[in-house]
Amino acid sequence: MAALFPPSLLQRLTGAYSIKIETRDRADAPWHRTTVWVAVDQATGSVYVRSVRGPRGNWYRRLLANPQGSVAVSDERVGVKAVPATADEITLVSDLFRRKYANDQHMLAIQRPEVVPATFQLVPGEV
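When the letters of the sequence shown are read in order and numbered with the numbering used here, they come out as residues 31 to 157.
Structure, rendered in structure tokens:
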């Protein structure tokens with residue numbers, strides 16, 4: 031099992047409608063910040079994000095190239111490492127998004143078949 035974030039951060043991530051994710055192509059490249067939806071599996075404390083643009087999403091491609099990034103939530107910047115989600119996790123994340131964002135007009139866009147593989151689990155990392 032991957033390392034978990036502190037309970038206080040998990041609570042803020044759970045309550046956040048969206049977060050800012052910061053990514054870059056390589057360690058010496060500039061940071062890029064993008065707003066994304068976030069889902070937390072309460073049973074495991076696992077944190078997930080998905081690109082609404084699927085594999086074409088810039089932040090998703092940057093995390094594939096360099097999995098070290100950061101997230102900003104409640105004015106706190108936290109280092110993360112992106113780990114591609116497994117097939118079982120992708121199914122779980124789809125369910126988590128359906129529940130969390132049920133009333134959002136964009137919820138169906140993040141559930142499209144071409145988009146769902148672009149899902150990462152975020153684990154603690156370095157900034």
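Glycine included, every Cβ here is placed at the ideal spot set by N, Cα and C.
Buried versus exposed, by CB contacts within 10 Å (16 or more), residue i
i           : result
residue 119 : buried
residue 138 : exposed
residue 45  : exposed
residue 67  : buried
Residue i in three-state terms, based on DSSP
i           : result
residue 102 : strand
residue 44  : helix
residue 112 : strand
residue 36  : coil
residue 154 : strand
Terminal residues of the beta strand (DSSP E) in which residue i lies
i          : result
residue 71 : 68-71
residue 80 : 76-80
Residue i - containing alpha helix (DSSP H), residue span
i          : result
residue 94 : 88-95
For residue j and residue i, believed in contact at Cβ under 8 Å, the rounded distance
i           : j           : result
residue 124 : residue 141 : 6 Å
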